[in-house]
Amino acid sequence: MNSKKIYDFVVSIFVEHFELEESKIHPDATLFDELGLDSLDMVDIAVEMQVRFGFKIKRIVDEEKLRSIRTIKDLCLLIEDKIKSSKIKVT
Amino acid sequence: MSNNRVFITGYGAVSPYGIGAEKMFKGLYENRSAVVSIKEELGDNLQFFNCLVAAPLHETPDPHEVPRKYRRNMGPLAVLAYRACLDALVHAAVPEEKIGSPEVGLVFSSSTGSVDSLEEAFRVYLNDTQRVLPHSGSFFKIMSHTCSANVAHALSIRGVNYSVSSACASSTQAIGIAYDQLKNGRQEIMICGGAEEMHPLVVSVFDVLQAASWNYNEKPTQTPRPFDSLRDGTVCGAGAGALILEIEESAYRRKAQIFGEIIGYFSNIDTTSMAQSSKESIVMCLQGALSDANIKSEQIDYINAHATATIVGDISESLAIAEVFRDNNVPVSSLKGHMGHTLAASGALEIIASLEMMRCGKLLPTRNLVTPAPEATVLCHVPSSGQEKKVSYFIKNSFAFGGINAVIIVKKYKK
């Protein structure tokens, strides 16, 4: 799965689940300050990642990574990294 | 210890007649039935049900009225509760800055958490056992204090917060607990009531226990029939009712409109049966409320009965009322024949309807009561056309599975 597809997936989550306007979403948008998300929304992002890509968010290692995410770009990179490391073939 | 007077300064209702107390009053005074066939709604589950009628909501609050931050943790149940509480606060004209103060608390009730959300969670779980819940808000929709917690968060109500869950006595107990909080000086204003969402699982509980109406599936508006000789069980309904209770000092300070005064409350449990309350336990509860109110039974002008039209339940209540009120000829009616049994919401909705009866001096009859059952002939039923009556005091009865009894006494406001 290429970076563009991952980005589109992330945008779709933010539009559908968090009811954000697509125009407000860009790679450098900060999740908490700019887009108004909170820790519960991060849990839902993790759930959606699990549903879409089939990998599990492991306690401690991944949760720490999730907590360190600040922007949309950070989130896309984490997903890309997880796809690579879990060797899951995602289309 | 304080002994504050407790006034009712506002209310909000979502009933099977629609959103808003005025729609409920209109439906009741037009003597319309809110009971309909639910064959289509049951779909594939139809074969499992004997009772094919219910009083669902004909108008549902739009969840999008609630900001997403709060809505994501709310199932349909909490949205109902939110709307009733919001309407009650607006009706009472409680200033926004007051709502967020620590002197304002909330006691809200429901039979369970959101059954609809519980079903959704199980659908995900059974389909994919690797996932326990569909999303972060799932538990907040399912938990038994979903209404009290969610409404408090969404409306910033930061005082005491309790959740009551006692099935059909839920909102009467919630109002009673709120009354105690105010009477004892713990809070200045309390929002209280109950909500119930319609779900086949709830209907099935009454169906399995043979407490639901089966004989009027083709004639939905003719059931339930409280106190009637042809009654065959109750009909489940949905809704939410909320009251604003306020201590005298606070109500006078802000020149609030006062709709009534709660002067008595009592609750007990009958441990002889899980399914129904005995006459003796109801007598004890009625006497406890009269004692709390410090009035005599002959002062009561109207009794809004629990009377759900179950075969056994109506008998116990009839005999208990007859024993406590003897020859007082106090008019009695039940509103279940109009809008079904809204379970956890019923106490609050029926108190709101009784406040309207007290205001306009016209008692509502028991819809579908044609020929009183032999045990119910001991009561003085409100005639089917209604009854003009000046009401200074009324009683609201609520009884629930588990043997829970709750009685509230309301007095017409006098300075």
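Protein chains in written order, with our numbering: chain A, 1 to 91; chain B, 1001 to 1415.
Here a beta-carbon is modelled for each residue, glycine too, at the ideal position from N, C-alpha and C.
For chain A, find out if any of its Cβ atoms is closer than 8 Å to the Cβ of residue i; answer yes or no.
i	result
B:Arg1231	no
B:Ser1318	no
B:Ser1117	no
What are the boundary residues of the alpha helix (DSSP H) that residue i is part of?
i	result
B:Leu1355	Ser1346 to Cys1360
B:Ser1398	Note, B:Ser1398: premise wrong, no alpha helix (DSSP H); beta strand (DSSP E) at Tyr1393 to Ala1400.
A:Ser3	Ser3 to Glu16
B:Ile1175	Ser1170 to Lys1183
B:Pro1200	Pro1200 to Val1208
B:Ile1099	Glu1096 to Ile1099
Going along chain B in order, which residues have a C-beta closer than 7 Å to the C-beta of residue i?
i	result
A:Glu19	Arg1068
Which one of the options has the shortest CA to CA distance from residue i?
i	options	result
B:Gly1264	B:Gln1173, B:Thr1342, B:Phe1325 and B:Met1190	B:Gln1173
B:Asn1161	B:Ser1170, B:Ser1171, B:His1145 and B:Gly1176	B:His1145
B:Val1124	A:Val47, A:Glu63 and A:Phe53	A:Val47
B:Ala1093	B:Gly1010, B:Ser1334, B:Lys1411 and B:Pro1224	B:Gly1010
B:His1306	B:Gly1361, B:Phe1401 and B:Asn1004	B:Phe1401
B:Ile1175	B:Thr1234, B:Ser1136, B:Ile1352 and B:Leu1363	B:Ile1352
B:Pro1076	B:Val1036, B:Glu1041, B:Phe1140 and B:Val1107	B:Phe1140
B:Arg1005	B:Cys1085, B:Leu1057, B:Ala1169 and B:Ile1247	B:Ile1247
B:Val1208	B:Cys1051, B:Cys1192 and B:Cys1285	B:Cys1051
B:Ser1037	B:Glu1350, B:Val1382, B:Asn1215 and B:Ser1333	B:Asn1215
A:Asp41	B:Glu1249, B:Gly1137, B:Gln1210 and B:Gly1386	B:Gly1137
B:Gln1268	B:Ala1275, B:Arg1254, B:Ile1262 and B:Val1283	Checking the displayed sequence, the identity of residue 1268 of chain B turns out to be Asn instead of Gln. Nearest C-alpha to B:Asn1268: B:Val1283.
B:Leu1042	B:Val1332, B:Ser1204 and B:Ile1295	B:Ser1204
B:Phe1108	B:Ile1157, B:Asn1073 and B:Pro1063	B:Ile1157
B:Pro1383	B:Arg1367, B:Val1391 and B:Ala1373	B:Arg1367
B:Gly1194	B:Glu1298, B:Glu1030, B:Gly1361 and B:Ser1170	B:Ser1170
B:Ala1066	B:Ser1015, B:Asn1003, B:Leu1155 and B:Val1014	In the sequence under discussion, the amino acid at residue 1066 of chain B is Val, which differs from the Ala named in the question. Here the closest residue by C-alpha is B:Leu1155.
A:Phe53	A:Phe14, A:Val11, A:Lys84 and A:Glu19	A:Lys84
B:His1341	B:Ala1309, B:Val1410 and B:His1135	B:Ala1309
A:Leu35	A:Asp44, A:Ile45 and A:Lys24	A:Lys24
B:Ile1321	B:Lys1362, B:Ser1278, B:Ala1293 and B:Leu1133	B:Ser1278
B:Gly1347	B:Asp1116, B:Asn1304, B:Cys1285 and B:Ser1229	B:Asn1304
B:Leu1343	B:Thr1060, B:Phe1048 and B:Glu1196	B:Glu1196
B:Asn1073	B:Ala1152, B:Asn1328 and B:Glu1298	B:Ala1152
B:Tyr1252	B:Ser1148, B:Pro1016, B:Lys1415 and B:Tyr1029	B:Lys1415
B:Gln1276	B:Ser1250, B:Gly1313 and B:Gly1260	B:Gly1313
B:Val1391	B:Lys1411, B:Asp1116 and B:Leu1379	B:Lys1411
B:Lys1362	B:Tyr1017, B:Gln1287 and B:Glu1030	B:Glu1030
Applying a beta-carbon distance threshold of less than 8 Å, which residues of chain B neighbour residue i?
i	result
A:Leu78	Within 8 Å Cβ-Cβ: nothing; A:Leu78 doesn't reach chain B, min ~18 Å.
A:Leu66	Chain B residues near A:Leu66: none, gap ~13 Å exceeds 8 Å.
Measure the CB-CB distance between residue i and residue j and report whether it falls below 8 Å.
i	j	result
B:Ala1167	B:Met1198	no
B:Glu1323	B:Asn1397	no
B:Tyr1393	B:Ile1258	no
B:Ile1311	B:Glu1375	no
B:Leu1369	B:Gly1386	no
B:Ala1078	B:Ser1111	no
A:Ile45	A:Ile13	yes
B:Met1339	B:Tyr1302	no
B:Leu1106	B:Cys1192	yes
B:Phe1227	B:Pro1372	yes
B:Asp1435	B:Phe1266	Given that chain B is displayed from residue 1001 to residue 1415, the structure contains no residue 1435 of chain B and the question cannot be resolved.
B:Thr1271	B:Gly1403	yes
A:Glu19	B:Arg1083	no
B:Ile1008	B:Leu1355	yes
B:Val1104	B:Pro1061	no
B:Val1090	B:Leu1286	no
B:Pro1224	B:Ser1213	yes
What residues from chain A crowd round residue i, counting only those whose CB sits closer than 8 Å?
i	result
B:Gly1105	The contacting residues do not exist; B:Gly1105 stays about 25 Å from chain A at best.
So residue i contacts chain A; which residues on that side make the cut at Cβ distance below 7 Å?
i	result
B:His1145	Within chain A, no residue comes near B:His1145; the closest Cβ sits about 17 Å away, beyond 7 Å.
B:His1135	Asp44 and Val47
Could you confirm whether any beta carbon from chain B is found closer than 8 Å to the beta carbon of residue i?
i	result
A:Asp81	no
A:Leu75	no
A:Leu31	no
I want to verify the contact list: residues of chain B whose CB lies under 9 Å from the CB of residue i, in sequence order.
i	result
A:Leu35	Under the 9 Å cutoff, chain B gives no residues; its nearest Cβ is about 12 Å from A:Leu35.
Can you give me the start and stop residues for the beta strand (DSSP E) that residue i sits inside?
i	result
B:Ser1109	Val1104 to Ser1110
B:Met961	Chain B is shown only over 1001 to 1415; residue 961 of chain B falls outside these bounds and no answer can be derived.
B:Gly1043	First-last for B:Gly1043: undefined, no H or E at that position.
B:Tyr1302	Tyr1302 to Asn1304
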